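Asks:
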Amino acid sequence: MKVLTGRIHKIDRREALRYLGYTPSVRDMEGVNALIDECESLVLQAQDLKAVYSLFDVSRGDMLDLGFARTRSCDLEKYLSGCDRLALFAATAGAGIDRLIARYNRLSPARAAVVQALGAALVEQWCDDVHAGLTAQYGANTARFSCGFGDLPLSLQRDIFVALDVTKKIGVTLSDDCFMTPTKSVTAIVGIKNDVQAKA
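Numbering (the UniProt record's numbering), first residue to last: 1 to 200.
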């Protein structure tokens, strides 16, 4: 099990606009770009990027055995076809983003919406960085698959939190309904193909 930290210096503007519901062709109507610039500076200051990951063996029988839990998810089984290992990770952008959102929910709903979108884009970039690192080191070469996708139950989050000791390692907690705090947090499974040799 390994813990990672990181820092992002520029948030993907196109991704943030997508979360806001704007298209890339939108020009600076009503000061949208200026507002994003202002909020991006705040989000980048508040970021506290952390992640934890571990590798597990995958086996198949009457249920799909992920090494840390067993599931009957047909969608995940198809997704992991050709994989005999997986990388499991949890990542967060930190509690500071939630504090910004809470602050601007009271003071400026428009800023709250922009911070929300920038925080979502930020944690996705962080997940991309973690995924790229896993690929470089272990040959992890499928896309990410998370609880709640397809028929993979959200309740599997509980097993992930135990397997990775998420709360202790990176400070993310899980509610009884299996939602994470800080909210800009992600857990994901990445398949490692049978014929890919580790590079480390």
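C-beta atoms are modelled at their ideal positions from N, C-alpha and C, and glycine is treated no differently. The structure presented is a predicted model; accordingly, all values stated were derived computationally and were not measured.
Between the region 31-41 and the region 126-144, are three or more C-beta pairs nearer than 8 Å?
Replies: no
Asks: Helix, strand or coil: how does DSSP classify residue 205 here?
Replies: The structure shown has nothing for residue 205, since the chain only spans 1 to 200.
Asks: What are the boundary residues of the beta strand (DSSP E) that residue 193 is part of?
Replies: To locate residue 193, count along the sequence shown from 1; it is residue 193. First-last of the beta strand (DSSP E) with residue 193: 185-193.
Asks: Below 8 Å CB to CB, which residues in the same chain sit around residue 64 once its five sequence neighbours on both sides are set aside?
Replies: Start at 1 with the first residue of the sequence shown, and residue 64 comes out as number 64. The beta carbon of residue 64 sits closer than 8 Å to the beta carbons of 58, 70, 71, 72, 73, 76, 77 and 80 from its chain, once the five residues preceding and following it are set aside; these are given in chain order.
Asks: Using a Cβ-Cβ cutoff of less than 7 Å, which residues in the same chain neighbour residue 19 once the five nearest sequence positions on both sides are dropped?
Replies: Looking up residue 19 in the sequence shown gives position 19. The answer, listed in chain order, is 117, 120 and 121.
Asks: Given residue 90, which residues of its chain have a CB within under 6 Å of its CB, disregarding the five upstream and five downstream residues?
Replies: Your numbering for residue 90 matches position 90 in the sequence shown. For residue 90, where only same-chain residues beyond five positions count, the Cβ hits under 6 Å are 52, 164, 166 and 187.
Asks: Going by beta carbon distance, what residues of the same chain come within less than 7 Å of residue 154, once the five residues before and after it are set aside?
Replies: Residue 154 sits at position 154 when you count from the first residue of the sequence shown. Excluding positions up to five away in sequence, the list reads 147, 148 and 178.
Asks: On the premise that residue 4 lies in contact with residue 130, defined as a C-beta separation below 8 Å, what is that separation, rounded to the nearest angstrom?
Replies: Position 130 of the sequence shown holds residue 130. Position 4 of the sequence shown holds residue 4. Going by Cβ atoms, the distance from residue 130 to residue 4 rounds to 6 Å, so yes, they are a contact pair.
Asks: Assuming contact is defined by CB atoms lying nearer than 8 Å, are residue 14 and residue 47 in contact in what I supplied?
Replies: Residue numbering aside, residue 14 sits at position 14 when the sequence shown is read from its first letter. Residue numbering aside, residue 47 sits at position 47 when the sequence shown is read from its first letter. No.
Asks: Name the two residues that bound the continuous beta strand (DSSP E) containing residue 84.
Replies: Working through the sequence shown from its first residue, we reach residue 84 at position 84. Residue 84 -> beta strand (DSSP E) spans 83-92.
Asks: Quick check: residue 114 and residue 39, are their CB atoms within less than 8 Å of each other?
Replies: Residue 114 sits at position 114 when you count from the first residue of the sequence shown. Residue 39 sits at position 39 when you count from the first residue of the sequence shown. A contact, by the Cβ cut-off of 8 Å.
Asks: Taking just the CA atoms, how far does residue 60 sit from residue 112?
Replies: In the sequence shown, counting from the first residue as 1, residue 112 sits at position 112. In the sequence shown, counting from the first residue as 1, residue 60 sits at position 60. The C-alpha of residue 112 lies about 45 Å from the C-alpha of residue 60.
Asks: Using only the alpha-carbon positions, how far apart do residue 97 and residue 10 sit?
Replies: Looking up residue 97 in the sequence shown gives position 97. Looking up residue 10 in the sequence shown gives position 10. Straight-line Cα distance between these residues: approximately 15 Å.
Asks: With a threshold of 7 Å on Cβ separation, who are the neighbours of residue 176 within its own chain once the five nearest residues in sequence on each side are excluded?
Replies: In the sequence shown, residue 176 corresponds to position 176, counting from 1. Cβ within range, chain order: n/a, list empty.
Asks: In its own chain, which residues sit with a C-beta less than 7 Å from the C-beta of residue 190, not counting the 5 before and 5 after it?
Replies: Within the sequence shown, numbered from 1, the residue matching residue 190 stands at position 190. Hits under 7 Å: 86, 87, 131, 134, 140, 142 and 144.
Asks: With DSSP collapsed to three states, give me the class of residue 69.
Replies: On the sequence shown, residue 69 is found 69 positions in, with the first residue counted as 1. If DSSP states are grouped into helix, strand and coil, residue 69 belongs with coil.
Asks: Would you kindly report the start and end of the unbroken alpha helix (DSSP H) that includes residue 76?
Replies: Here residue 76 corresponds to residue number 76 of the sequence shown, with the count starting at 1. Membership of residue 76 in the alpha helix (DSSP H) is indicated by the continuous run 74-79.
Asks: Less than 8 Å between the beta carbons of residue 224 and residue 67, yes or no?
Replies: The structure shown does not extend to residue 224, since the chain is modelled only from 1 through 200, so no value can be given for it.
Asks: How about residue 126 and residue 49: do their beta carbons lie closer than 8 Å?
Replies: Mapped onto the sequence shown, residue 126 falls at position 126. Mapped onto the sequence shown, residue 49 falls at position 49. Yes; because the gap between Cβ atoms is below 8 Å, this pair is in contact.
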